[in-house]
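Everything on this sheet refers to the single structure shown next.
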Amino acid sequence: MVDPNLEKVVHFERDRPDVQGDAHPKKLLRAIIEDGDHLTKLSAQHIYSADQFDRDTLLQLFRLAAKYEANPGRFATSLDGQILISAFYEPSTRTRLSFESAWHRLGGDIMSITDRSTTGIAKGESLRDVGEMFNNYGDCVVLRDTEESSVREMMGALRIPIINAGNGTDEHPTQALADLYTIFKWRPDLLTEERGQPLNLCIVGLPSKMRTVRSLLKLLCDFPECFGTVTIINDLTIEEMFCQDQLEQLTEAGLNIKTLDCLNDALPEADVVYINAISWEGDSFKQYGSVYHLDADSPLKENAIILHPLARGEELCTSLDSTPHNWYFSQARGAVFLRMALLTCLVQRAERVLDVI
Amino acid sequence: MVDPNLEKVVHFERDRPDVQGDAHPKKLLRAIIEDGDHLTKLSAQHIYSADQFDRDTLLQLFRLAAKYEANPGRFATSLDGQILISAFYEPSTRTRLSFESAWHRLGGDIMSITDRSTTGIAKGESLRDVGEMFNNYGDCVVLRDTEESSVREMMGALRIPIINAGNGTDEHPTQALADLYTIFKWRPDLLTEERGQPLNLCIVGLPSKMRTVRSLLKLLCDFPECFGTVTIINDLTIEEMFCQDQLEQLTEAGLNIKTLDCLNDALPEADVVYINAISWEGDSFKQYGSVYHLDADSPLKENAIILHPLARGEELCTSLDSTPHNWYFSQARGAVFLRMALLTCLVQRAERVLDVI
Amino acid sequence: MVDPNLEKVVHFERDRPDVQGDAHPKKLLRAIIEDGDHLTKLSAQHIYSADQFDRDTLLQLFRLAAKYEANPGRFATSLDGQILISAFYEPSTRTRLSFESAWHRLGGDIMSITDRSTTGIAKGESLRDVGEMFNNYGDCVVLRDTEESSVREMMGALRIPIINAGNGTDEHPTQALADLYTIFKWRPDLLTEERGQPLNLCIVGLPSKMRTVRSLLKLLCDFPECFGTVTIINDLTIEEMFCQDQLEQLTEAGLNIKTLDCLNDALPEADVVYINAISWEGDSFKQYGSVYHLDADSPLKENAIILHPLARGEELCTSLDSTPHNWYFSQARGAVFLRMALLTCLVQRAERVLDVI
């Protein structure tokens, strides 16, 4: 028989109440004055490491992302005639679709490589030669690979820009850009004279091994005045937690880094809780700290927000999805606009979207 | 030496004589009066089951498909700026390309997922989270999966429409829509006051296990006056042939269902012969009834037409391809236009193609 | 710490000195008078074998490719509304992206098949049925398969054009077109009354087994006056080197074919050195003659150019990349424009790009 609930089952709503932090980016637009000069350097740079961004460039990127988010349909032809080579030698759907969606939203064309074994690498081709090939076929490359050195080898031959979308356990710069963009969308006052209390940030992850965490910590170095304490939650020793010089870079930038092995002890003070308990290590996933777990009963501050680069496992319970703490869905949504902003600058199309050039 | 036949071998013709039933859809356009009101519900529904369609909506969908088929180039920008997520967790080329072609013909953009192992599911990600991700990246989803429950799990989180392109052995609604569209293109009189003889339909397949047959039978329930007898050809018992309540739904709708184990006994009375002897069951294909076979010597009625969702094996002999019985090629062709019509409605672009809104 | 070299590492240049033979195609444009009549036959032909081209058609194809290369952005909407089915049953990234880039540059849409196991072939579907399916979904097909007969079987059912992008060890016609285009871009005088010295061509490869070499030799037959000696470098006997009738076709066309087993003995006389030491044979790669090796110390003529269809292995040393001998990068770049020209003709859009129709 026909399921009597069928009509209800197949019905869906396009809108939803704004509990997931789809904060309108207008406030961020007002908090930053547009200055395209700081974006010009991006038109001759590969995007390899979070270290290559300075504060001014970051602010302009965030502003442009907010401009896209405030009015997505307005820029639908900005990447007219431009071809993206979307090369995911390490499997991914989330990050690949995030980039491809960003490129499509701006009117560009895409060629995807999703299987490393179909590439010349199986024939012993060098990554430099692959880069030289890409020079002839596209205008921009996005690359993810479990091999940490691949992106840098390819960069040596490229005359079009490449974005590192994750190189082994090293970095994932655009994820960090998206994460920081989300934080400033939530608290744009941090970028103005009216700056309220700096944020206490709590990070559940492993700085030495998780590329998303590594990149994010580097970006925090550009805004030390916005952050009070950055507490890393992990049960390892400090020597195991950080790579050589990694901790030093953070403290020299003026960040106040603490470590703690008990998440619930840190939560009552945390304004932003960043959790990522899955690490891709070469050829498999490792789950860190199944002991580290957030759910609706966690002792969160009332106004705390949670970030997670996703995909998530048991560490972030779905009971939090419908609470105001859920900014991880907004984080994924904003990542598309952040990538739109970055891609526009890389292929020298910023002049199509800025007010003053 | 150069093959003396080479010039002949490489030459091809674009047109072909109309023996394969590329009947111009004009008659169908005249048989149905346009009424866009019956299409509006499709702008807030996932397409999950053939059960969700009523007669009026079906007629308007068929009319819109015929409008597209009559003048394909006219609507080349209807899906401007829209992104389709084409997710084939169960391998397919035919259905995937049918949807992707439909979307391209209307000017939209596409992101394809063709390998389940590259998705977050390999990382333990829930289908609800995948759905939430899709909300941020695209405007419409098409999903095929061997797991029957996947589409429904994803529907729970989606705020963009999804089409079930085949969920295990359960349903394949758009294939059934294409099949019925083909039947009415062939006999548009069935929808008018001048209705001639109702059709005797002969189905070679297994209603309990074949998703194409399951969906088609449900749609027939909306047009009982068009069909005389529906004869299912199979060598199993009635209990094995139908799922619980399946037969009851059909007879309560007014269809006259018969079963027979000998195909050639049914053919002399059949106006439409539907054959599908391949079933995807979980992780492999099963060939049903290699004893069930149609070829140029089969005792078909002179004007009978044959439908097959394709791909075909030995059950449908190529000797029938050049006969007027061959409507299976037209069926595949029309499926693209039917999908164009459905997709247009789902993403709220019907007002761009209807005469009256 | 932040890598002090980071800024330098991430910086890149878009332009490069013209040592890699990005010779402006203007001279070739002037050397050939446009005559679109010779392109019309291409609008009703599959592209299967290098044998199907005559001299006049080749000249017009090269001229159109040069027109594209001289001003790539000018024709960005020529394939508006056209869909390419990019079917790589045999894995490839280089050739696939070359075709897809060409199609995107002209404004068309693409559907890719990169995994043979997702196709109906896994279900026992015939290639004719696949071709009939493609008729309904696209406007042009590009196919590569390890099975030599696949393209021809599909051709039997196609009513849209198909390009053989490599069928087993048989042919790869568009690669040969790209190779000869490169040679004439370098020496356009060969096509005029001022023809200078004919070229001595040295080919390292196996004519009986390498599809790129097989196709290239056939094209040379149309321009015997342009070539002095064609020396094949290989350590096999003549019977093993050539297929039946292959050598006869070449000598009957007026080519002067020699064989030699020592590359360095041939180099001092060679104007064009074509090297390809990798052959795809069914399901794996075979490296021919690791003894055959080109590097900066090879006894090359001062003005000799090197061609290689790529991907390369040890046979072509990177020390040659920055020398004027390197025309293999230009060859890859020009291949996109050559394919743009061919595809335009195949789908009957030549009238959009020719001066006189």
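For the record, the sequence lines run as chains A, B and C. Going by the numbering used here, the final residue of the first sequence carries number 358, and the count climbs one at a time with no gaps. Going by the numbering used here, the final residue of the second sequence carries number 358, and the count climbs one at a time with no gaps. Going by the numbering used here, the final residue of the third sequence carries number 358, and the count climbs one at a time with no gaps. C-beta atoms are modelled at their ideal positions from N, C-alpha and C, and glycine is treated no differently.
Rounded to whole angstroms, the Cβ separation of residue 136/A and residue 337/C is 11 Å, and the two are not in contact under 8 Å. Nearest neighbour of residue 311/C by Cα position, chosen from 226/C, 149/C and 332/C, turns out to be 332/C.
Against residue 90/C, chain B offers no close residue; the least beta-carbon distance is about 11 Å (beta-carbon pairs closer than 9 Å). Residue burial is scored here from C-beta neighbours: residue 184/C has at least 16 other C-beta atoms within 10 angstroms and is therefore classed as buried.
Under the 7 Å criterion on CB atoms, residue 115/C is classed as interfacial with respect to chain A. With a beta-carbon spacing of about 7 Å, residue 156/A and residue 49/A fall inside the 8 Å limit used to define contacts. Here the alpha carbon of residue 174/A sits roughly 15 Å from the alpha carbon of residue 346/A. Around the beta-carbon of residue 327/C, 16 or more other beta-carbon atoms lie within 10 Å, marking it buried. Closest in alpha carbon position to residue 91/B, among 133/B, 146/B, 252/B and 74/B, is 146/B.
Around the beta carbon of residue 130/A, a 10 Å sphere encloses 16 or more other beta carbons of the protein chains shown; the residue is thus reported as buried. At a Cβ-Cβ threshold of 7 Å, residue 320/B and residue 305/B do not count as neighbours. Secondary structure remark: continuous alpha helix (DSSP H) runs of at least 4 residues inside the segment 114-139 of chain C, in chain order: 128-138. In the three-state reduction of the DSSP assignment, residue 48/B falls in the strand class, which pools E and B. Between residue 87/B and residue 111/B, the C-beta spacing is below 7 Å.
Contact of residue 149/A with chain C is not assigned, every C-beta pair being separated by 7 Å or more. For the 7 Å CB-CB criterion, residue 263/C and residue 232/C do not form a contact.
For the options 154/C, 323/C, 84/C and 165/C, the alpha carbon positioned closest to that of residue 143/C is the one of 165/C. In this structure, DSSP gives residue 203/C an extended state, which the three-state scheme calls strand.
In this chain, the alpha helix (DSSP H) harbouring residue 266/C covers 264-267.
Beta-carbon to beta-carbon, residue 11/A and residue 176/B are separated by about 18 Å, too far to satisfy the 8 Å threshold.
Chain B has a Cβ within less than 7 Å of the Cβ of residue 7/A. Residues of chain A whose Cβ lies closer than 9 Å to the Cβ of residue 183/B do not exist, since the nearest Cβ in that chain is about 24 Å away. Scanning chain C for C-beta atoms nearer than 7 Å to the C-beta of residue 84/A yields 102 and 105, reported in chain order. Within chain B, no residue has its beta carbon less than 8 Å from that of residue 58/A; the closest one is some 25 Å off. Around the Cβ of residue 60/C, a 10 Å sphere holds 16 or more other Cβ atoms; the residue is buried.
By the neighbour-count criterion, in which a residue is buried when 16 or more other Cβ atoms sit within 10 angstroms of its Cβ, residue 6/C is exposed. In the three-state DSSP reduction, residue 318/C falls in the coil class, being neither helix nor strand. When the five nearest sequence neighbours on each side are left out, the beta carbons in the same chain lying within less than 7 Å of the beta carbon of residue 36/C are those of 61, in order along the chain. Between residue 66/B and residue 182/B, the CB-CB gap stays under 7 Å. Within chain B, the residues placing a beta-carbon under 7 Å from that of residue 95/A are 121 and 134, ordered along the chain. For secondary structure counted as the alpha helix (DSSP H) over 4 or more consecutive residues, the segment 8-93 of chain B holds these complete runs in sequence order: 27-32 and 56-71. Spatial neighbours of residue 114/B in its own chain (CB-CB distance under 6 Å, excluding positions within 5 residues in sequence) are listed in chain order as 88. In this structure residue 251/B is in contact with residue 222/B, their Cβ atoms being roughly 6 Å apart against a cut-off of 8 Å.
For residue 276/B, the enclosing beta strand (DSSP E) stretches over residues 273-276. Counted as a single uninterrupted DSSP element, the beta strand (DSSP E) harbouring residue 259/A occupies residues 257-261. Counting every other CB atom within 10 Å of its CB across the protein chains shown gives residue 249/C a total below 16, marking it as exposed.
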